[in-house]
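Chemist: Line by line, the protein sequences give chains X and H.
Quick note: the first sequence, position 69, residue 79 per this note's numbering, numbers continuous.
Quick note: the second sequence, position 7, residue -7 per this note's numbering, numbers continuous.
Sending over a structure as structure tokens; questions will come in a sec.
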Amino acid sequence: MNLDTLLSYEWGHMAPEFIILAVAALLSLLDLFLPKSYNRRSLAWIALVGILVAVVSLIGLLDSKSVSILHDTFRLDSFGKAFKLILLIGAACVILLAESYEPKEGLKEYRGEFYYLFLTGLLGAMVMTSSGDLITLFVGLELLSISSYILAGMRKKNPGSNEAAMKYVINGGISTAITLFGMSYLYGLSGTTNLKEMSGAMSAQAANGQFLYLYGLAFFMVLIGLSFKLASAPFHMWAPDVYQGSPTPVTAFLSVVSKTAGFVILLRIILTLFLTMPGDDTQKLSFLETHSIYISCLAGISIIAGNVIALRQRNIKRMFAYSSIAHAGYILVAISALGYFTFDAVWFYLLAYLLMNLGAFAVIQLITDSSHSEDIADFAGLYRRSPLLAAGFAVFILSLAGIPGTAGFIGKLNIFMNALMTDPGHFVLASIMIAGTVISYFYYFGIMTQMFFRPAASTEKIKVPAGIGAVVVLALAGTILFGVAPNTALDFLHNNFGSFNDFLK
Amino acid sequence: MNSVPLSAYLVLALILFCIGLYGALTKRNAVIVLISIELMLNAVNINLVAFSKLGPAPSISGQIFSLFTITVAAAEAAVGLAILMSLYNRRKTVNVDEMDQLKH
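Here's what the structure looks like:
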């Protein structure tokens, strides 16, 4: 490759990635050379400004057509833009949470790393959203995973944090290896790593039963490896421990940004490769249609297991880990019931989930930091200590439970309608979803009872730091706005991204 | 050289992968678990290189993919061992079954 081809690429389409990369590099240098006594907290604001600039540059790119550069390894299509927007907003909120984070023993000299590792993780997730090649997908996935391993173990002197990071590395490593093994078969049979060419090769080979069998094997391995990342049952065992042991901003990052990235890579691989490939010798049904039962099983088990096990948790972060497993199940319902509205439903649900979950984690971080314990009983009497905070948390919980008037309800409704509208309708999954939602009321409203009806252990007023306050207000505004007027988000989606027509082109 | 068929390489990789998976799921010592994960990743490399030379559609990108896999696996192992070191400093154990604080 000579300089002319290198310069002929439209690098402007990678501007958001370059900005995040530059800010991460800048922060790591600043962290290295600033004097030891300097308070690293201000680095968070640089990170935040970097993310906001990246958002602005992404909005500038919204009108541009679908482009692919670097030999089709990087493609900026509407799918990439829509999900990148979610990732960036989520990361900005997480950085705000991290700015206000103050564990018992302090973060000391690691505070700088804390901020730029979020950015490298975000960069990995962004690369994944717009990659058209197995190699870039894999590198993005690993950039995100390795950053998250370190982030989970950021509280070096805390045994819980160490243990969480170790469990995450081991589980993440196994899942990576399984995914890669599946990918190696995908590459080997089709002879290319480019997703588009691969899809063409696969459709041509599928008439041969032997190839079909091996592609089925690869499909299962990739699906199982990725469902570790999504924390969907029965591959969810790591999630409660890691969520509980990690610093709270990292838990928020894992539950929002990392999960979004997991769904992005799942959609990229599964839809691009297996949607057009015929699923049997008769060539009538596509591979995904004949095998969607396995995704449905994952979805159903996640919803039931997540909601039922959450009932008996006393630790608030552990409870939210199980609740996030259940939410992964809801989104998987949309993917297994593949229809015209799947992308819309997944995108909207991830947006709503981002807002309500980050808002909830902001309050959780504030309460657990001030009481140095993570028991649900710490929320007792929150209403008397800080009525506004309690009201905000109540809205987030109502949204997570899916009560009308909140974004969570609209998200669930979209998925529900999508499951019923496809032909054949997914009635079993839809009923499991409703049953799971009803079960979830018990533990969500358990927190509400604590907040509003139990006497507080201390009557001390709670002081809300600026970062946490900003996240709560933003999440609250979004949750209510998209709950009352969901069309603001859906219209934005349709006007700017159409119906993701360029996803497969 | 070319007398070894593709299927032999694939079976070797599959056996290595299964040994690695078994080790990662059953061994007590966290170092052995990390080594088992490396074994699984190396099975993938064998697959990639074998496919890129002898596969139904041979191409160079498999070898490039395996270079990326090797690099990333090294980074992952480094991070894993670093985390294990900091865990060992606090708890004086590398046994996976003693890492059971986070349950309640």
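We put the beta carbon where it would ideally sit given N, CA and C, even for glycine.
Give, in chain order, every residue of the segment 150 to 166 of chain X whose Cβ lies closer than 7 Å to some Cβ of chain H.
Modeler: From the segment 150 to 166 of chain X, only Glu152, Ile156, Tyr159, Ile160, Gly163, Lys166 have a Cβ closer than 7 Å to chain H.
Chemist: How far does the beta strand (DSSP E) with Ile413/X in it extend, from its first residue to its last?
Modeler: No beta strand (DSSP E) holds Ile413/X; DSSP gives it neither H nor E.
Chemist: Residue range of the alpha helix (DSSP H) that Phe84/X falls in?
Modeler: That residue, Phe84/X, is in no alpha helix (DSSP H); its beta strand (DSSP E) goes 84 to 86.
Chemist: Taking a Cβ distance cut-off of 9 Å, strictly less, list which residues of the segment -11 to 18 of chain H are near chain X, in chain order.
Modeler: Under the 9 Å Cβ criterion, the segment -11 to 18 of chain H contributes Leu(-8), Leu(-4), Ala(-1), Leu0, Phe3, Gly6, Leu7, Ala10, Leu11, Ala16.
Chemist: Pull up the distance between the alpha-carbon of Leu133/X and that of Leu31/X, whole angstroms please.
Modeler: 7 Å
Chemist: So Val267/X packs on Gly131/X, CB below 8 Å; how close in whole Å?
Modeler: 7 Å
Chemist: Please confirm whether Ala417/X and Gly508/X have their CB atoms less than 8 Å apart.
Modeler: no
Chemist: Going straight from the alpha carbon of Ala466/X to that of Asn511/X, what length do you get?
Modeler: 54 Å
Chemist: So the beta strand (DSSP E) Tyr22/H belongs to, where does it begin and stop?
Modeler: Residue identity check: residue 22/H is Ser in the sequence provided, not Tyr. Where Ser22/H is concerned, there is no enclosing beta strand (DSSP E), although the alpha helix (DSSP H) it sits in stretches over 16 to 40.
Chemist: Could you tell me whether the Cβ atoms of Leu88/H and Ala16/H are closer together than 8 Å?
Modeler: no
Chemist: If we define contact as Cβ-Cβ less than 8 Å, is Gln105/H a contact residue for chain X?
Modeler: For residue 105/H there is no data in the structure shown, the boundaries of chain H being -13 and 90.
Chemist: Where do the ends of the beta strand (DSSP E) carrying Ser78/X lie?
Modeler: 77 to 79
Chemist: For Asn511/X, name the three-state secondary structure that DSSP assigns.
Modeler: helix
Chemist: Give the single residue among Thr139/X, Gly289/X, Thr15/X, Ile341/X whose Cα lies nearest to the Cα of Cys307/X.
Modeler: Ile341/X
Chemist: Quick one: using the 10 Å Cβ neighbour count with 16 as the cut-off for buried, is Ile191/X buried or exposed?
Modeler: Per the sequence presented here, residue 191/X reads as Phe, with Ile not at that position. The residue is buried, with at least 16 neighbouring Cβ atoms inside 10 Å.
Chemist: With a cut-off of 8 Å, do at least 3 Cβ pairs link the segment 367 to 385 of chain X to the segment 433 to 452 of chain X?
Modeler: Verdict: no, contact absent.
Chemist: Skipping 5 residues on each side, what residues in its chain have a beta carbon closer than 6 Å to that of Gly100/X?
Modeler: Val266, Val267, Leu364
Chemist: Using beta-carbon positions only, say whether Gly210/X and Pro42/H come within less than 8 Å of one another.
Modeler: No, they are not a contact pair.
Chemist: For Asp385/X, which three-state DSSP category applies?
Modeler: If DSSP states are grouped into helix, strand and coil, Asp385/X belongs with the strands.
Chemist: If you reduce the DSSP assignment to three classes, tell me which class Asn81/H lands in.
Modeler: strand
Chemist: Quick one: residues in its chain with C-beta nearer than 8 Å to the C-beta of Ile29/X, no 5 flanking neighbours on either side, listed in chain order?
Modeler: Gly60, Val63, Ala64, Ser67
Chemist: Could you check if Ile46/H is buried or exposed, using at least 16 other CB atoms within 10 Å of its CB as the buried criterion?
Modeler: exposed
Chemist: Contact between the segment 473 to 490 of chain X and the segment 350 to 359 of chain X is defined here as three or more beta-carbon pairs at a separation below 8 Å; is this criterion met?
Modeler: These segments do not touch.
Chemist: Starting from Thr130/X and walking both ways along the alpha helix (DSSP H), at which residues does that stretch end?
Modeler: 121 to 139
Chemist: Measure from the C-beta of Ala35/X to each C-beta in chain H and report whether the shortest distance is under 8 Å.
Modeler: Using a Cβ-Cβ cut-off of 8 Å, Ala35/X does not count as an interface residue toward chain H, since no Cβ of chain H sits closer than that to its own.
Chemist: Find out if the Cβ-Cβ distance for the pair Val77/X, Ala57/X is shorter than 8 Å.
Modeler: Going by C-beta atoms, Val77/X is not nearer than 8 Å to Ala57/X.
Chemist: Counting only Cβ-Cβ distances shorter than 9 Å, please list the residues of the segment 176 to 196 of chain X near chain H, keeping chain order.
Modeler: Met176, Lys177, Tyr178, Val179, Ile180, Gly182, Gly183, Ile184, Thr186, Ala187, Ile188, Leu190, Phe191, Met193, Ser194, Tyr195
Chemist: Would you mind sorting Ala102/X into buried or exposed? The rule is 16 or more other CB atoms within 10 Å of its CB.
Modeler: buried
Chemist: Below 8 Å CB to CB, which residues in the same chain sit around Ser74/X once its five sequence neighbours on both sides are set aside?
Modeler: For Ser74/X, where only same-chain residues beyond five positions count, the Cβ hits under 8 Å are His23, Leu86.
Chemist: Per DSSP, what kind of secondary structure is Asn168/X in: helix, strand or coil?
Modeler: Residue state, collapsed to three classes: coil.
Chemist: CA-CA distance, Ala10/H and Ile18/H?
Modeler: Going by the C-alpha atoms only, they are around 8 Å apart.
Chemist: To the nearest angstrom, how far is the alpha carbon of Ile425/X from that of Gly122/X?
Modeler: 40 Å
Chemist: Determine the burial state of Ala243/X: buried for a count of at least 16 other Cβ atoms within 10 Å of its Cβ, exposed for fewer.
Modeler: Classification of Ala243/X: buried, given that the 10 Å Cβ count is 16 or more.
Chemist: On the three-state DSSP scale, how would you describe Ser256/X?
Modeler: coil
Chemist: Does Ala404/X get closer than 8 Å to chain H when you measure Cβ to Cβ?
Modeler: no
Chemist: Excluding sequence positions up to five away, which residues of its chain have a Cβ less than 7 Å from the Cβ of Gly402/X?
Modeler: Gly369, Val373, Val482, Leu486
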